[in-house]
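Q: The listed protein sequences correspond, in order, to chains D and W. Here the first sequence is numbered in this note's numbering, starting from 135 and rising by one per residue. Here the second sequence is numbered in this note's numbering, starting from 2 and rising by one per residue. All C-beta atoms in this analysis are idealised placements derived from N, C-alpha and C, irrespective of residue type, glycine included. Predicted model only: the values in this text are computed from it and were never measured. Below is the structure I would like to discuss, written out as structure tokens.
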Amino acid sequence: MSTEAALDSLMEEARSITGSSQSKVRDSIVNSIYQTAENIASDVVSCTSPKRTDWDRKIDNILTSRVWGFPIMFGVLAVVFWVTIAGANVPSSMLAAGLFWIEDRLTGFFMAMHAPAWFYGFLVLGVYRGLAWVVSVMLPPMAIFFSMFTLLEDLGYLPRVAFNLDRFFKKAGAHGKQALTMSMGFGCNAAGIIACRIIESPRERLIATLTNNFVPCNGRFPTLIALASIFVAGSVSLSFSSALATLAVAGLVAFGIAVTLFVSWTLSKTLLRGEPSSFTLELPPYRKPLVGQVLIRSVLDRTIFVLGRAVVIAAPAGGLVWILANTMVGDASVLSIVAGWLDPMARFMGLDGFILLAFILGLPANEIVFPILIMSYVSGGTLMELDSLADLRYLLVDQHGWTWLTALCTLVFSLCHWPCGTTLFTIQREQKNWRWTVLAALIPTTAGVVACIMLNNLVCALGLVY
Amino acid sequence: MGLTSQSTGRSTTREIFNIKRNNNEPVIALAGNPNTGKSTLFNALTGLRQHTGNWPGKTVLRAEGSFIHNGRRYTLIDLPGTYSLLANSADEEVARDFICFAKPDATVVVVDATCLERNLNLVLQVMEITSKVIVCVNLIDEARRKKLRVDADKLSKKLGVPVITTAARSGEGLPRLMDVISDVVWGRLTPKPKLVRYTGEVEEAIARLEPKVRAAVGDGINARWVALRLLDGDTKLVQAMEKFLSEKEIVRVAQEVLA
Chain D
135 MSTEAALDSL
145 MEEARSITGS
155 SQSKVRDSIV
165 NSIYQTAENI
175 ASDVVSCTSP
185 KRTDWDRKID
195 NILTSRVWGF
205 PIMFGVLAVV
215 FWVTIAGANV
225 PSSMLAAGLF
235 WIEDRLTGFF
245 MAMHAPAWFY
255 GFLVLGVYRG
265 LAWVVSVMLP
275 PMAIFFSMFT
285 LLEDLGYLPR
295 VAFNLDRFFK
305 KAGAHGKQAL
315 TMSMGFGCNA
325 AGIIACRIIE
335 SPRERLIATL
345 TNNFVPCNGR
355 FPTLIALASI
365 FVAGSVSLSF
375 SSALATLAVA
385 GLVAFGIAVT
395 LFVSWTLSKT
405 LLRGEPSSFT
415 LELPPYRKPL
425 VGQVLIRSVL
435 DRTIFVLGRA
445 VVIAAPAGGL
455 VWILANTMVG
465 DASVLSIVAG
475 WLDPMARFMG
485 LDGFILLAFI
495 LGLPANEIVF
505 PILIMSYVSG
515 GTLMELDSLA
525 DLRYLLVDQH
535 GWTWLTALCT
545 LVFSLCHWPC
555 GTTLFTIQRE
565 QKNWRWTVLA
575 ALIPTTAGVV
585 ACIMLNNLVC
595 ALGLVY
Chain W
2 MGLTSQSTGR
12 STTREIFNIK
22 RNNNEPVIAL
32 AGNPNTGKST
42 LFNALTGLRQ
52 HTGNWPGKTV
62 LRAEGSFIHN
72 GRRYTLIDLP
82 GTYSLLANSA
92 DEEVARDFIC
102 FAKPDATVVV
112 VDATCLERNL
122 NLVLQVMEIT
132 SKVIVCVNLI
142 DEARRKKLRV
152 DADKLSKKLG
162 VPVITTAARS
172 GEGLPRLMDV
182 ISDVVWGRLT
192 PKPKLVRYTG
202 EVEEAIARLE
212 PKVRAAVGDG
222 INARWVALRL
232 LDGDTKLVQA
242 MEKFLSEKEI
252 VRVAQEVLA
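Quick look at the structure:
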């Protein structure tokens with residue numbers, strides 16, 4: 135008799151022994167284990183002092199209270215953003231300076247080699263510059279953000295966040311742990327999608343996967359921050375502006391969370407119907423974080439990993455943009471011709487053709503959207519970095535007729551559009567079904583298009599913009 | 002000696018779990034409840050000699066590392082943190098299948114000194130599958146701070162397996178833990194787990210099933226435990242056994258043909 139058949143017949147025999155009292159047997163087994171554990175524990179553990187004040191409990195009562203829970207949470211979030219925004223500037227510009235210094239050396243090298251112009255342009259002005267942009271813009275905020283996030287994790291604060299948000303997600307028909315996967319999405323949506331593994335039920339995991347893109351990732355933060363700085367904080371003094379920009383970004387994030395909840399609710403009422411499953415959330419004791427270990431692991435496991443994938447994607451994208459901007463058909467580059475086609479649709483959404491094209495070309499990685507946009511505006515042919523925000527303001531407002539509405543629509547569309555290539559790839563790998571991947575792109579895009587059209591037409595109808 | 006029996010049988014099953022066949026390198030599994038400092042212990046033992054990936058066919062994160070003790074290299078597998086091994090979730094399934102089918106040379110169960118009672122459930126369940134169990138009472142520093150005293154010797158006597166107290170954050174007790182791991186792996190120390198006694202009816206049923214189970218699956222898998230799971234109505238284990246036992250067979254045959 136084969137093992138398989140023997141096992142099946144044994145299964146039958148076991149069933150005949152337990153008969154109809156299967157669940158009783160199961161309870162009895164679990165009971166015996168618990169009883170044994172209890173007996174042993176009470177024998178070997180002793181308390182050497184009378185009960186002390188339970189500080190963990192006291193802190194929990196404040197951090198997860200209905201009154202203070204949310205203000206504290208947003209406060210912590212704002213501090214994390216502020217440190218990321220303020221702290222990333224200096225290393226970012228240092229990295230940029232270093233990488234562009236290397237570019238100058240590369241230029242010198244190619245000149246000395248008498249390399250053909252197209253070869254030099256494609257490789258250095260396209261591929262290398264695209265890479266340099268992504269690394270210098272992405273690496274510092276990512277390293278800071280991931281480290282702070284891991285510290286909060288180590289400290290034990292994140293389970294409290296999940297606890298606070300749990301009832302909202304439950305009301306939306308989703309899983310409370312989605313609060314955690316959503317938070318991971320702030321770092322990188324692809325990482326957030328991978329984090330969805332912690333959700334057991336396939337239905338709720340799908341909801342979390344499909345809505346993860348509604349929170350801005352590190353690749354989109356630079357765009358949000360730059361635009362917020364120009365249009366929100368443009369008029370106030372410099373010392374004040376990073377605080378104001380932080381507030382604007384925090385507002386956008388709150389909007390993103392609201393959309394996440396709304397879409398989750400819609401999904402759980404229509405396509406992915408079902409009851410939210412309950413889960414036991416253990417609030418672990420607060421612990422002093424191991425700073426050294428946290429830094430090493432967050433840099434190795436998260437930052438380098440995410441950056442590596444971004445680099446792999448950004449390099450060919452930089453090359454492609456260079457080709458599009460430098461291939462001429464008649465007087466115009468391919469880039470501006472395509473932008474012309476997109477213009478009517480884009481105008482209807484409160485954007486313009488170049489903005490929409492930048493989002494489309496930015497599919498591989500969100501961080502190159504803004505560089506592509508600037509590049510196509512100045513039609514200098516390559517990705518570039520403008521030295522100051524004032525230059526940027528002049529370029530957008532005075533030369534290309536941006537209003538605050540254009541900026542707002544761009545911000546909203548940046549928050550709600552298709553996920554980047556890496557994220558789509560990750561969704562496909564996790565769900566192994568292209569339909570969900572397509573849906574993951576369609577849902578946020580539809581939301582963004584609808585929101586922009588409504589916003590644009592409402593504001594225009596009210597005559598708030600000329 | 003535990004490793005003399007490491008003929009084709011065991012290593013082929015291990016291969017299914019993506020463990021490289023480094024001939025005499027013992028494999029140590031790290032089990033434990035979530036939030037017991039298991040990962041901290043894993044990091045402290047392996048340092049940067051580790052890499053992460055997925056469990057084969059599962060979207061469950063898997064970390065593997067190694068440490069060197071007295072000139073010998075040990076592979077350490079960080080199992081997903083679970084409260085039980087009843088296979089209610091993918092995590093529990095992975096942990097259970099690994100301990101049951103990959104047969105680690107020792108399984109370290111990490112428990113939280115500050116809530117021993119709940120953590121012992123997992124220890125008792127692991128002991129039912131394998132006898133090569135070491136209990137690591139971690140966070141002993143936190144217990145001291147909370148004025149809790151854990152009598153490790155008494156616990157060891159009650160369980161029948163070695164018990165080490167550690168504070169992985171500061172490295173306290175880790176050298177001793179590694180000593181005991183190597184003692185168990187190389188057979189200098191043989192844990193004799195004191196298993197949970199069930200109620201009369203359950204024990205009777207086990208006694209009836211156990212010999213038949215042994216006849217069907219051989220000595221490779223703990224027959225008492227399989228009998229219990231059958232009584233439990235655990236169909237997943239039967240599926241897993243069919244899968245692993247047949248896969249092992251296929252791998253073995255393939256290797257013989259290639260050789």
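Could you check whether the Cβ of A388(D) sits closer than 7 Å to any heavy atom belonging to the ligand SAH?
A: Absent from the structure shown: the ligand SAH. Ligands present: none.
Q: Note down, in chain order, each residue of its chain lying with its Cβ closer than 6 Å to the Cβ of E211(W), except the 5 sequence neighbours on either side.
A: As a working mapping, residue 211(W) is identified with position 210 in the second sequence. Answer for E211(W): A224, R225, A228, listed in chain order.
Q: For S67(W), does the three-state DSSP call read helix, strand or coil?
A: Numbered from 1 along the second sequence, position 66 holds the residue referred to as residue 67(W). S67(W): strand per DSSP, three-state reduction.
Q: Rounded to whole angstroms, what's the CA-CA distance from G3(W) to D184(W)? Just pull it up for me.
A: Within the second sequence, residue 3(W) is the residue found at index 2, counting from 1. Within the second sequence, residue 184(W) is the residue found at index 183, counting from 1. Reliability of the predicted coordinates at G3(W) is poor, the pLDDT of 38 falling under 50, and no value is obtained from them.
Q: For a contact defined as C-beta to C-beta under 7 Å, what are the partners of Q601(D) on chain W?
A: Examination of residue 601(D) is not possible in this model, given that chain D is present from 135 through 600 alone.
Q: Work out the CA separation of L401(D) and F547(D) for me, nearest whole Å.
A: In the first sequence, counting from the first residue as 1, residue 547(D) sits at position 413. In the first sequence, counting from the first residue as 1, residue 401(D) sits at position 267. For F547(D) and L401(D), the distance between alpha carbons rounds to 21 Å.
Q: Is there at least one Cβ from chain W nearer than 8 Å to E334(D)'s Cβ?
A: As a working note, residue 334(D) is residue 200 in the first sequence. Output row for E334(D): interface = yes.
Q: What is the DSSP secondary structure of T556(D), reduced to helix, strand or coil?
A: Counted from its first residue, the first sequence places residue 556(D) at position 422. Helix, per DSSP.
Q: Does G209(D) come out as helix, strand or coil in the three-state DSSP assignment?
A: Your numbering for residue 209(D) matches position 75 in the first sequence. Secondary structure at G209(D): helix, using DSSP grouped into helix, strand and coil.
Q: At which residues does the alpha helix (DSSP H) containing Y75(W) begin and terminate?
A: Locating residue 75(W) in the second sequence gives position 74, counting from the first residue. Not the alpha helix (DSSP H): Y75(W) falls in the beta strand (DSSP E), residues 73-79.
Q: By how many angstroms is the C-alpha of D190(D) removed from the C-alpha of K193(W)?
A: For this step, residue 193(W) is matched to residue 192 along the second sequence. For this step, residue 190(D) is matched to residue 56 along the first sequence. Those two C-alpha atoms are separated by around 38 Å.
Q: Could you check where the beta strand (DSSP E) with S154(D) kicks off and where it finishes?
A: Sequence index remark: in the first sequence, residue 154(D) carries index 20 (1-based). It is not in any beta strand (DSSP E) - S154(D) carries neither H nor E in the DSSP assignment.
Q: Three Cβ pairs or more, each shorter than 8 Å: is that satisfied between the segment 446-464 of chain D and the segment 252-264 of chain D?
A: yes
Q: Within the 8 Å Cβ cut-off, does Q312(D) reach chain W?
A: The residue labelled residue 312(D) in the question sits at position 178 within the first sequence. No, its Cβ sits nowhere closer than 8 Å to a Cβ of chain W.
Q: Would you say M588(D) faces chain W, with C-beta separation under 8 Å as the test?
A: Numbered from its first residue, the first sequence carries residue 588(D) at position 454. Not one chain W Cβ lies under 8 Å of M588(D).
Q: Pick out whichever of G408(D), V433(D), I341(D) has its Cα sitting closest to the Cα of F396(D).
A: Stepping through the first sequence from its first residue, residue 396(D) is reached at position 262. Ranking G408(D), V433(D), I341(D) by Cα distance to F396(D) puts I341(D) first.
Q: Does the distance from the CB of I151(D) to the CB of Y199(W) come in under 8 Å?
A: Position 17 of the first sequence, counted from the start, is the residue given in the question as residue 151(D). Position 198 of the second sequence, counted from the start, is the residue given in the question as residue 199(W). No; because the gap between Cβ atoms is not below 8 Å, this pair is not in contact.
Q: If you check the beta carbons only, do T544(D) and I489(D) fall under 8 Å apart?
A: Here residue 544(D) is taken as the residue at index 410 of the first sequence, counted from 1. Here residue 489(D) is taken as the residue at index 355 of the first sequence, counted from 1. Going by beta carbons, T544(D) and I489(D) fall inside the 8 Å limit.
Q: Between the alpha carbons of W267(D) and L507(D), how many angstroms are there, rounded?
A: Residue numbering aside, residue 267(D) sits at position 133 when the first sequence is read from its first letter. Residue numbering aside, residue 507(D) sits at position 373 when the first sequence is read from its first letter. Straight through space, the alpha carbons of L507(D) and W267(D) are spaced by roughly 13 Å.
Q: With a threshold of 8 Å between beta-carbons, can C543(D) be considered close to chain W, or not?
A: As a first step, residue 543(D) must be located in the first sequence, where it is residue number 409. So, not an interface residue.
Q: Please state whether the Cβ-Cβ distance between T437(D) and A222(D) is less than 8 Å.
A: Residue 437(D) sits at position 303 when you count from the first residue of the first sequence. Residue 222(D) sits at position 88 when you count from the first residue of the first sequence. No.
Q: Please report the straight-line C-alpha distance between P250(D) and I502(D), rounded to a whole angstrom.
A: Within the first sequence, residue 250(D) is the residue found at index 116, counting from 1. Within the first sequence, residue 502(D) is the residue found at index 368, counting from 1. In a straight line, the C-alpha of P250(D) is about 26 Å away from that of I502(D).
Q: Please report the straight-line C-alpha distance between G442(D) and A325(D), rounded to a whole angstrom.
A: Sequence index remark: in the first sequence, residue 442(D) carries index 308 (1-based). Sequence index remark: in the first sequence, residue 325(D) carries index 191 (1-based). Distance between the alpha carbons of G442(D) and A325(D): 13 Å.
Q: So with CB distances below 8 Å, who are the chain W contacts of Y168(D)?
A: If you number the first sequence from 1, residue 168(D) lands on position 34. Neighbours of Y168(D) on chain W, chain order: N122.
Q: So the candidates are D79(W), K213(W), D92(W), E243(W); which of them puts its Cα closest to the Cα of V110(W)?
A: One-based indexing of the second sequence puts residue 110(W) at position 109. Taking only the C-alpha atoms, the option nearest V110(W) is D79(W).
Q: With H, G and I counted as helix, E and B as strand and the rest as coil, what does DSSP make of V61(W)?
A: Position 60 of the second sequence, counted from the start, is the residue given in the question as residue 61(W). Note: V61(W) maps to coil in three-state DSSP.
Q: Contact defined as beta carbons within less than 8 Å: I believe M276(W) pairs with L196(W). What is the distance between those atoms, to the nearest angstrom?
A: The first residue shown for chain W is 2 and the last is 260, placing residue 276(W) beyond what the model contains.
Q: Just verifying my parser: in three-state terms, what is the DSSP assignment at H52(W)?
A: Position 51 of the second sequence holds residue 52(W). Strand, per DSSP.
Q: How should A30(W) be labelled, buried or exposed, when 16 other C-beta atoms within 10 angstroms of its C-beta is the threshold for buried?
A: Within the second sequence, residue 30(W) is the residue found at index 29, counting from 1. So A30(W) counts as buried.
Q: For D194(D) and Q312(D), what's the separation of their Cα atoms in angstroms?
A: Here residue 194(D) refers to the residue found at position 60 of the first sequence. Here residue 312(D) refers to the residue found at position 178 of the first sequence. Near 21 Å, if we compare the C-alpha coordinates of Q312(D) and D194(D).
Q: If we define contact as Cβ-Cβ less than 8 Å, is A148(D) a contact residue for chain W?
A: As a first step, residue 148(D) is located in the first sequence; it is residue number 14 there, counting from the start. Yes, contact with chain W.
Q: Determine contact between the segment 346-360 of chain D and the segment 415-427 of chain D, defined as no fewer than three beta-carbon pairs at a distance below 8 Å.
A: no
Q: Kindly list, in the order they appear in chain W, the residues whose Cβ is closer than 9 Å to that of E172(D).
A: The residue you call residue 172(D) lines up with position 38 of the first sequence. For E172(D), the C-beta contacts it makes with chain W under 9 Å involve E118, L121, in order along the chain.
Q: Write down the C-beta distance between I364(D) and I561(D) rounded to the nearest angstrom, noting that I regard them as a contact closer than 8 Å.
A: On the first sequence, position 230 is the one that residue 364(D) refers to. On the first sequence, position 427 is the one that residue 561(D) refers to. With a Cβ gap of about 33 Å, I364(D) and I561(D) do not count as contacting.
Q: Terminal residues of the continuous beta strand (DSSP E) containing N139(W)?
A: Residue numbering aside, residue 139(W) sits at position 138 when the second sequence is read from its first letter. Counting along the chain, the beta strand (DSSP E) containing N139(W) begins and ends at 134-139.
Q: Does the Cβ-Cβ distance between I141(W) and T166(W) come in under 8 Å?
A: Residue mapping note: residue 141(W) aligns to position 140 of the second sequence, counting from 1. Residue mapping note: residue 166(W) aligns to position 165 of the second sequence, counting from 1. In this structure, T166(W) lies closer than 8 Å to I141(W) by Cβ.
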